[in-house]
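The structure appears right after this line, and notes come after that.
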Amino acid sequence: GGGTGSGVVIQKDGLKPIYMNMAEVQAGLGFGIKSFQNIFVFQTKAALNDFVNSGWTFGGQMTAAAKYEKDGDAYQDAVVVAPGVLMYQLTDSGLAAEITGKGTKYYKNTDLDK
Numbered sequence: 007g008g009g010t011g012s013g014v015v016i017q018k019d020g021l022k023p024i025y026m027n028m029a030e031v032q033a034g035l036g037f038g039i040k041s042f043q044n045i046f047v048f049q050t051k052a053a054l055n056d057f058v059n060s061g062w063t064f065g066g067q068m069t070a071a072a073k074y075e076k077d078g079d080a081y082q083d084a085v086v087v088a089p090g091v092l093m094y095q096l097t098d099s100g101l102a103a104e105i106t107g108k109g110t111k112y113y114k115n116t117d118l119d120k
């Protein structure tokens with residue numbers, strides 16, 4: 007399996023938004039459809055610049071998330087994904103359980119970032 011996504015980098019100093027894309031390839035055992043939103047918190051300007059200008063590639067991940075209320079969102083606590091970078095993952099599609107080898111690449115959207 008795999009997936010794609012898009013997002014935007016909003017800087018607190020009011021600079022122009024930077025549009026990003028995401029692509030992932032996945033192999034493993036899993037069930038359920040997982041729709042999610044990743045929120046990255048950059049604690050340093052250097053970490054933000056590295057993400058925007060170099061992109062990122064992540065590997066291996068284990069996930070278990072379940073909706074805790076009928077109308078609520080499932081929530082996983084923040085994890086440190088790189089020096090100076092926290093990631094929160096919010097899910098809204100209910101149960102997701104996976105043991106996967108996943109490669110995820112984040113990169114600039116050159117069509118929108120003109």
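Quick note, the sequence shown lines up with residues 7 to 120 if you use the working numbering. Here a beta-carbon is modelled for each residue, glycine too, at the ideal position from N, C-alpha and C.
Exercise. With C-beta atoms as the reference, is Phe57 less than 8 Å away from Tyr112?
Worked result: Indexing the sequence shown from 1 puts residue 57 at position 51. Indexing the sequence shown from 1 puts residue 112 at position 106. Yes, Cβ-Cβ distance for Phe57 and Tyr112 is below 8 Å.
Exercise. How about Met93 and Asn44: are their beta carbons less than 8 Å apart?
Worked result: Looking up residue 93 in the sequence shown gives position 87. Looking up residue 44 in the sequence shown gives position 38. For Met93 and Asn44, yes; Cβs fall inside 8 Å.
Problem set entry | C-alpha gap between Ala72 and Trp62, whole angstroms | As a working note, residue 72 is residue 66 in the sequence shown. As a working note, residue 62 is residue 56 in the sequence shown. The predicted model places Ala72 with a pLDDT of 47, which falls under 50 and marks its position as unreliable; any figure quoted below should be read in that light. Distance between the alpha carbons of Ala72 and Trp62: 27 Å.
For this session: Quick one: measure Cβ to Cβ for Ile24 and Val14, integer angstroms, because I've assumed they're closer than 8 Å.
Result: Within the sequence shown, the letter at position 18 stands for residue 24. Within the sequence shown, the letter at position 8 stands for residue 14. 7 Å between Cβ atoms; contact.
Problem set entry | Coil, strand or helix - Glu75 by DSSP | Here residue 75 is taken as the residue at index 69 of the sequence shown, counted from 1. Interpretation of Glu75 is limited by its pLDDT of 49, a score under 50 that renders its predicted location unreliable; no figure is taken from the coordinates.
Exercise. Taking DSSP as the reference, what is the three-state secondary structure of Lys22?
Worked result: Here residue 22 is taken as the residue at index 16 of the sequence shown, counted from 1. The answer is coil: DSSP assigns Lys22 none of H, G, I, E or B.
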